[in-house]
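Colleague: The sequence shown runs contiguously to residue 353 in this note's numbering.
I have a structure I would like to understand better, so I am pasting it below and will then ask my questions one at a time.
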Amino acid sequence: MTIHYEVSGKGYPVVFLHGYGETHKIWNHYRERLSKKYKVITPDLPGFGKSDSLPYEHSLDMVANSIYDCLKRLNVSECIIMGHSLGGYVTLEIAKRFPNIVSHIGLIHSSALSDTEDKKEGREKSIEFIQKHGVAKFIESFVPMLFHENHREKLQDTIQSIVEEGSKIPEKTLTDYMLAMRDRTDSLDFIKEFDGSILFVYGEEDPSIPVALSKSQIKYMKHPYLKNLPKTGHMGMFEEEEEVFQAISKFIEVTH
Numbered sequence: 098m099t100i101h102y103e104v105s106g107k108g109y110p111v112v113f114l115h116g117y118g119e120t121h122k123i124w125n126h127y128r129e130r131l132s133k134k135y136k137v138i139t140p141d142l143p144g145f146g147k148s149d150s151l152p153y154e155h156s157l158d159m160v161a162n163s164i165y166d167c168l169k170r171l172n173v174s175e176c177i178i179m180g181h182s183l184g185g186y187v188t189l190e191i192a193k194r195f196p197n198i199v200s201h202i203g204l205i206h207s208s209a210l211s212d213t214e215d216k217k218e219g220r221e222k223s224i225e226f227i228q229k230h231g232v233a234k235f236i237e238s239f240v241p242m243l244f245h246e247n248h249r250e251k252l253q254d255t256i257q258s259i260v261e262e263g264s265k266i267p268e269k270t271l272t273d274y275m276l277a278m279r280d281r282t283d284s285l286d287f288i289k290e291f292d293g294s295i296l297f298v299y300g301e302e303d304p305s306i307p308v309a310l311s312k313s314q315i316k317y318m319k320h321p322y323l324k325n326l327p328k329t330g331h332m333g334m335f336e337e338e339e340e341v342f343q344a345i346s347k348f349i350e351v352t353h
């Protein structure tokens, strides 16, 4: 199977993984700016964008394997990996399975916790909605709500662009990943033992990951670098682009 990726720049490798209903394009601005100093790699996760789907269900361990294989083909022996939301879950899975390749990680609006029962129910309702109404209607309703209402108007073009890309994603990809997220186990034991640093970016108004849940896991991290974003939803890399860029840039600078 083919994993599509974009790569820019030379230097220490930094990998950015996109979230659910997204493609590598959400990281384009970051890749362009960071590639002046680093080798920046932005893959499409299996089934998203231009990457092939897995020939079986998209479990997080299999997704992690496919990204690892892609990095090996690019001769990456060590890197920093950062992931947005679902991309953070995949980042944790790669770091667990292939510790030698991952020096530090970034969790951008993501979590080391497993789903709560309420969250699991929400995912099941989303699957029903997708199957009943189709991908385009789901993405149109799903994406704007990830942005805090204060940012929606000014980021209308960005939201529309994500919706257009997301509407092309196969239904099976969306439902498979929804199940994979629902069924994932927590990674608290892993982050307790992880010797690398963890950049942890969270929104005070994130509708997907309540701020109390975000804050509850910080105490388990050995070397946390924290960036909290007031009046920000689940999409801080757009809602507060400069703040998030500076946090990421400084994190890479001090850790690698």
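Even for Gly, the Cβ is constructed at its ideal location relative to N, Cα and C.
(1) Are Tyr360 and Met318 close, meaning C-beta to C-beta below 9 Å?
(2) Please classify Ser163: is it buried, with 16 or more other beta-carbons within 10 angstroms of its beta-carbon, or exposed?
(3) Does Asp141 pass the burial test, meaning 16 or more other C-beta atoms within 10 Å, or should it be called exposed?
(4) Does Thr139 come out as helix, strand or coil in the three-state DSSP assignment?
(5) Secondary structure at Tyr102, three-state DSSP: helix, strand or coil?
(6) Have a look at Met179, Asp254, Lys217 and flag the residue whose alpha-carbon is nearest the alpha-carbon of Ile349.
(7) Please report the Cβ distance between Ser294 and His201, rounded to the nearest whole angstrom; I am assuming they are in contact, meaning their Cβ atoms lie under 8 Å.
(8) Out of Lys133, Ala344, Glu103, state which residue places its alpha-carbon closest to the alpha-carbon of Leu296.
(9) Quick check on Lys324: does DSSP put it in helix, strand or coil?
(10) Could you name the residues of the same chain whose beta carbon sits closer than 6 Å to that of Phe195, not counting the 5 residues immediately before and after it, in chain order?
(11) In or out: Pro110 buried (at least 16 other Cβ within 10 Å) or exposed?
(12) Quick check: the Cα distance between Asp158 and Tyr274, rounded to an integer number of angstroms?
(13) Let me confirm a value: Gly333 is counted as buried when at least 16 other C-beta atoms fall within 10 Å, else exposed. Which label applies?
(14) Grouping DSSP H, G and I as helix and E and B as strand, with all else coil, what is Leu114?
(15) By how many angstroms is the C-alpha of Ser105 removed from the C-alpha of Tyr135?
(16) Quick one: using the 10 Å Cβ neighbour count with 16 as the cut-off for buried, is Glu221 buried or exposed?
(17) Is the distance from the Cβ of Ile123 to the Cβ of Phe335 below 9 Å?
(18) Considering Met318, what are the terminal residues of the alpha helix (DSSP H) in which it resides?
Modeller: If we stick to the structure as given:
(1) The displayed coordinates of the chain run from 98 to 353. Any statement about residue 360 would go beyond what the structure contains.
(2) Stepping through the sequence shown from its first residue, residue 163 is reached at position 66. The residue is buried, with at least 16 neighbouring Cβ atoms inside 10 Å.
(3) Residue 141 sits at position 44 when you count from the first residue of the sequence shown. Buried: at least 16 other Cβ atoms inside 10 Å.
(4) Residue 139 sits at position 42 when you count from the first residue of the sequence shown. Here Thr139 sits in strand by DSSP.
(5) For the purposes of this step, residue 102 is taken as residue 5 along the sequence shown, with counting starting at 1. In the structure shown, Tyr102 sits in a strand (DSSP, three-state: E or B).
(6) One-based indexing of the sequence shown puts residue 349 at position 252. Comparing Cα positions, the closest option is Met179.
(7) Numbered from its first residue, the sequence shown carries residue 294 at position 197. Numbered from its first residue, the sequence shown carries residue 201 at position 104. Correct: roughly 5 Å between the Cβ atoms.
(8) Stepping through the sequence shown from its first residue, residue 296 is reached at position 199. The shortest C-alpha separation from Leu296 is found at Ala344.
(9) On the sequence shown, position 227 is the one that residue 324 refers to. In the structure shown, Lys324 sits in a strand (DSSP, three-state: E or B).
(10) Walking along the sequence shown from the start, residue 195 turns up at place 98. Only Tyr165 meet the Cβ criterion.
(11) Position 13 of the sequence shown, counted from the start, is the residue given in the question as residue 110. Flag for Pro110 reads buried.
(12) Taking the first residue of the sequence shown as position 1, residue 158 is located at position 61. Taking the first residue of the sequence shown as position 1, residue 274 is located at position 177. Taking the straight line from one Cα to the other gives about 12 Å.
(13) As a first step, residue 333 is located in the sequence shown; it is residue number 236 there, counting from the start. Under this definition Gly333 is a buried residue.
(14) In the sequence shown, the residue the question calls residue 114 occupies position 17. Residue state, collapsed to three classes: strand.
(15) Indexing the sequence shown from 1 puts residue 135 at position 38. Indexing the sequence shown from 1 puts residue 105 at position 8. Cα-Cα distance, rounded: 8 Å.
(16) Position 124 of the sequence shown, counted from the first residue, corresponds to residue 221. Counting Cβ neighbours within 10 Å, Glu221 comes out exposed, since fewer than 16 surround it.
(17) On the sequence shown, position 26 is the one that residue 123 refers to. On the sequence shown, position 238 is the one that residue 335 refers to. Yes, Cβ-Cβ distance for Ile123 and Phe335 is below 9 Å.
(18) The residue given as residue 318 occupies position 221 in the sequence shown. From DSSP, Met318 is part of no alpha helix (DSSP H); its letter is neither H nor E.
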